[in-house]
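Going from the sequence shown to the working numbering is simple: count from 1 and add 227.
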Amino acid sequence: MHRPENRQGTVWLLAGTGDGPQLAAVLISQGWHVHVSVVGDSAAQPYQGMPLEGIHVGALGGSEGISQWLQTIPVDWVVDATHPFALRISDQLNQACKGWGQRLVRFERRMEASGKAFVLSSMADLADQSLAGRRLLLALGARQLVEAARVAREAGATVFARVLPTPMSLIQAAAARVPSDHLAVVRPLQGPEPGALEAALCRRWAITDVVCRQSGGATEALWASLSIEMGLELWLLRRPLPIAEVAVVHSVGELLTHLNGTTS
228 MHRPENRQGT
238 VWLLAGTGDG
248 PQLAAVLISQ
258 GWHVHVSVVG
268 DSAAQPYQGM
278 PLEGIHVGAL
288 GGSEGISQWL
298 QTIPVDWVVD
308 ATHPFALRIS
318 DQLNQACKGW
328 GQRLVRFERR
338 MEASGKAFVL
348 SSMADLADQS
358 LAGRRLLLAL
368 GARQLVEAAR
378 VAREAGATVF
388 ARVLPTPMSL
398 IQAAAARVPS
408 DHLAVVRPLQ
418 GPEPGALEAA
428 LCRRWAITDV
438 VCRQSGGATE
448 ALWASLSIEM
458 GLELWLLRRP
468 LPIAEVAVVH
478 SVGELLTHLN
488 GTTS
C-alpha cells in the first residue's frame with residue numbers, strides 16, 4: 228500500500244475488534260499517519276504490509292502508560308476502537324487524553340435491532356429466568372464467565388462455554404467450574420466456513436440457549452443467525468454506554484468527517 232500525496236495529521240488507533248484493520252487502511256489511504264495498538268500478536272497479523280508509523284503489541288500500562296506514550300509520540304487524534312465491553316481501557320484513555328488536552332474520538336458499531344433476542348441489562352437478570360432443563364452455551368468474554376456460569380446454574384441451566392485459547396480464558400473457565408467436556412477452546416468464526424464450528428458445537432451439546440455480548444460485530448450476527456436456523460433462544464448482554472464526554476462515531480465515513488472537520 229502506497230501513501231497518498233494528500234498528507235494529513237497523525238492518528239493513534241487503539242483497536243480491539245475486527246474493525247481495526249479497515250480503519251487503519253482507510254486512514255492511510257486518506258493521508259493520515261497511523262500508529263496502531265493491539266492486545267496480542269495474533270491481533271497484529273492483519274496489519275502486516277500496511278505502511279504504519281508503528282504498531283504496539285501488548286498492555287499500555289494504564290492511564291500513566293498512555294500518558295507517557297502521548298509524550299513520546301505526539302499525535303493529532305487518538306481513536307478508541309477497542310471492544311465495547313473493554314471499559315477499563317476506554318476509561319484510561321479518556322483520563323490520559325483529558326490530562327494532556329489530547330483529542331479523542333470513540334469508534335463504535337451501531338447496535339442492530341435485537342430481533343427475537345432477550346436483552347440482559349446485566350448477567351444478574353438471568354437469575355430471574357426459569358432455565359430448568361435448558362442447556363446454555365456461554366459465548367462471552369472471559370471477564371463475564373464466572374458470574375454468568377454461576378447465575379445460569381442458579382437459574383437451573385446446564386452450562387457449557389466457548390472460550391478463546393488464551394491463559395486468561397482458561398483460568399476463568401476453571402474458576403467458573405466449567406467441566407472439560409462442556410468446554411470448547413476455539414477462536415470465533417474459524418475454519419473455511421465461518422460459523423460451522425459454532426453450529427457443530429450446538430448440535431453436539433444439544434444447546435437450547437446461547438448467551439453472548441451485544442457487541443454489534445460478526446460474532447453477535449452469527450449467533451443471531453444460528454438462533455433462527457437452529458431454534459435457539461438468544462440472550463444478549465447489553466452493550467455498556469460509551470463515556471458521555473467522548474464523541475462517538477459509528478462508521479468510517481463519520482470518523483473521517485469528524486477528524487477532517489476538527490483538525491485545525
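Where is the CB? At the ideal position from N, CA and C, for every residue including glycine.
Taking C-alpha atoms, which residue in the options lies nearest to residue i?
i    : options                   : result
R362 : R333, Q295 and V438       : V438
M338 : G488, A474 and A445       : A445
L297 : T237, R430 and M395       : T237
S294 : Y274, E280 and I316       : I316
A495 : V476, L358 and G368       : This structure does not reach residue 495, given that the chain is present from 228 up to 491, and the question cannot be answered.
L410 : E381, G443, G383 and A369 : A369
R377 : G281, A427, M350 and G326 : M350
A286 : L331, A313, L397 and E381 : A313
Q441 : L364, R465, V473 and A375 : R465
G488 : D246, D307, L241 and V332 : V332
A186 : A382, L372, W327 and A375 : Limits of the chain in this structure are 228 at one end and 491 at the other, which puts residue 186 out of reach.
S452 : A471, C429 and P469       : C429
A401 : E374, Q417 and G418       : E374
Y274 : L241, P301, S407 and I300 : L241
Which residues mark the beginning and the end of the beta strand (DSSP E) in which residue i is found?
i    : result
L364 : R362 to A366
E460 : E460 to L464
R525 : Past the edges of the chain, shown from 228 to 491, lies residue 525, and the structure says nothing about it.
L240 : T237 to A242
A351 : No beta strand (DSSP E) holds A351; DSSP gives it neither H nor E.
Do the CB positions of residue i and residue j come within less than 9 Å of each other?
i    : j    : result
V346 : L459 : no
W450 : E420 : no
G422 : R336 : no
Q261 : A270 : In the sequence on display, residue 261 carries Val and not Gln. No.
V386 : L365 : yes
G281 : V265 : no
Q329 : L372 : no
V412 : P392 : yes
T309 : G258 : no
F334 : D352 : no
N384 : D436 : A small correction: the amino acid at residue 384 is Ala; Asn does not occupy that position in the sequence shown. Their beta carbons are under 9 Å apart, which means A384 touches D436 by this criterion.
Go through its chain and collect everything with a Cβ distance to residue i's Cβ below 7 Å, but skip five positions before and after it.
i    : result
M277 : M228, A251, A252 and I255
T490 : The predicted position of T490 is uncertain, since its pLDDT is 45 and thus under 50; a value taken from the coordinates is nonetheless stated next. Closer than 7 Å at the Cβ level, and outside the excluded window around T490, lie G236 and D303.
P415 : T446
Skipping 5 residues on each side, what residues in its chain have a beta carbon closer than 6 Å to that of residue i?
i    : result
S290 : Q319, Q322 and A323
A344 : L461 and L463
H477 : R337
E232 : Note that E232 scores a pLDDT of 47, beneath 50, so its modelled location is shaky; the value from the coordinates is reported in the next line. No residues qualify anywhere along the chain.
Considering only residues of the same chain and omitting the five flanking positions on each side of residue i, which have a CB-CB separation below 8 Å?
i    : result
E481 : none
R230 : Residue confidence for R230 is low, a pLDDT of 44 falling below 50, so the modelled location carries little weight and cannot support an answer.
On the DSSP letters alone, give me the boundaries of the alpha helix (DSSP H) that residue i sits inside.
i    : result
A221 : Absent from the model: residue 221. The displayed extent of the chain is 228 to 491, so no value can be given.
D246 : D246 to S256
V574 : A query on residue 574 cannot be resolved here, the shown segment of the chain reaching from 228 to 491 and no further.
- Runs of beta strand (DSSP E) wholly within the segment 265 to 330 (minimum 3 residues, chain order): As far as the segment 265 to 330 is concerned, its whole beta strand (DSSP E) runs of at least 3 residues are 281 to 284 and 304 to 308.
- Contiguous alpha helix (DSSP H) assignments of at least 4 residues, all confined to the segment 417 to 467: If we require 4 residues or more, the alpha helix (DSSP H) runs fully inside the segment 417 to 467 come out as 423 to 432 and 445 to 457.
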